[in-house]
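Visitor: I'd like to ask you about the structure that follows.
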Amino acid sequence: MHALITLSHGSRHDCAQRGVERLTAAAAISLGVDAVDAHLEFTSPDLTGAARAAADAGYTSAVVVPLLFTRAFHATKDVPAAFAAAREATGLDLVLADGLGQGADVVDVLAHRLLLDAPSGAPVILYPVGTSNAAAAAATVALGEELARVSGHEVTVVPATGTGDLIGNSGITAAARSRERMHLLPLFVTDGLLLDRVTGALGHIQDATGATFTHSAPLTTDLSDIVASRYREALHRNTGRHET
């Protein structure tokens, strides 16, 4: 039996860890295993600390699921480094799963959130954290296009930071001009300061553009089935068997 360890980016936001904890617990319940959350920075425990906690609970092995949507610096550099350090420090048999990604399962989660939250026909701003990696940024634009196809909403990708034609609050303002209404859909696992930056400014953006805004919350437990799926896929690749 492998424990589940989720590995988030981490955040200085007071509520960020609680969202990750809820997601981790929901995925663990569906898998029938114990779980602990870990974080790359800002938040404790780190991956080594989480691996030690799993070992203290009697586990000799664990699957690590990165809570990352893109294949950018954190996924290609920080996660492998943290993974290697945790395995060396603890001796735990760790299996690295794929991250959340931006595939059809993520599109389905986002489309369902729009069905619940967005006014019918409202144009949507998909709001990711963003990246300076051009390929990763292009993949998020493609995610927005697929979400538009599946949901029937017009979707504009406006990242909080990084690369793109429209960025941050100024980008959202530009996207909302000449619109009667807009819906903001965060591509966020949990609460974050970058998300607070835009939700706190929506009143000013409405005043500047005349558009009426609605917005969704971070995805948190909506992602639990995806986390559980990444766990099972990694375990199957590693051992040739599924674990439920």
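Numbering that gives the first Met the number 0 puts the first residue of the sequence shown at 0, with every later residue one more than the last. Glycine included, each C-beta is placed from N, C-alpha and C at the ideal position.
How about Thr155 and Ala133: are their beta carbons less than 8 Å apart?
Guide: Against a cut-off of 8 Å, the Cβ pair of Ala133 and Thr155 comes out as no contact.
Visitor: From Ala227 to Asp206, what does the alpha carbon distance come to, in whole angstroms?
Guide: Taking the straight line joining both Cα atoms gives about 42 Å.
Visitor: Within its chain, find whatever has a CB closer than 7 Å to the CB of Ser223; leave out the 5 residues flanking it on each side and keep chain order.
Guide: Correct list, in chain order: Leu22, Ala25, Ala26 and Ser29.
Visitor: Let me know the secondary structure DSSP gives Ile124 once reduced to three states.
Guide: Correct three-state label for Ile124: strand.
Visitor: DSSP state of Leu184, grouped into three classes?
Guide: Correct three-state label for Leu184: strand.
Visitor: Tell me whether Thr243 sits in a helix, a strand or coil according to DSSP, three-state version.
Guide: Below a pLDDT of 50, predicted positions are generally treated as unreliable, and Thr243, at 46, falls in that range; the measurement from the model is reported next regardless. It is coil, neither helix nor strand.
Visitor: Counting beta carbon pairs with one atom in the region 89 to 99 and one in the region 31 to 38, are three or more of them shorter than 8 Å?
Guide: Because the criterion of three Cβ pairs below 8 Å is not met, the region 31 to 38 and the region 89 to 99 do not touch.
Visitor: Closer than 6 Å by C-beta to Phe41: which residues in its own chain qualify, once you throw out the five before and the five after it? Chain order, please.
Guide: Taken in chain order, the residues that qualify are Gly9, Ser10 and Arg11.
Visitor: Just reading off the beta strand (DSSP E) that Thr213 is part of, what are its end residues?
Guide: Thr211 to His214 is the span of the beta strand (DSSP E), which, as asked, contains Thr213.
Visitor: Assign His203 to one of three DSSP states: helix, strand, or coil.
Guide: The answer is helix: DSSP assigns His203 an H, G or I state.
Visitor: From Glu153 to Val123, what distance separates their C-alpha atoms?
Guide: Rounded to the nearest angstrom, the two C-alpha atoms are 6 Å apart.
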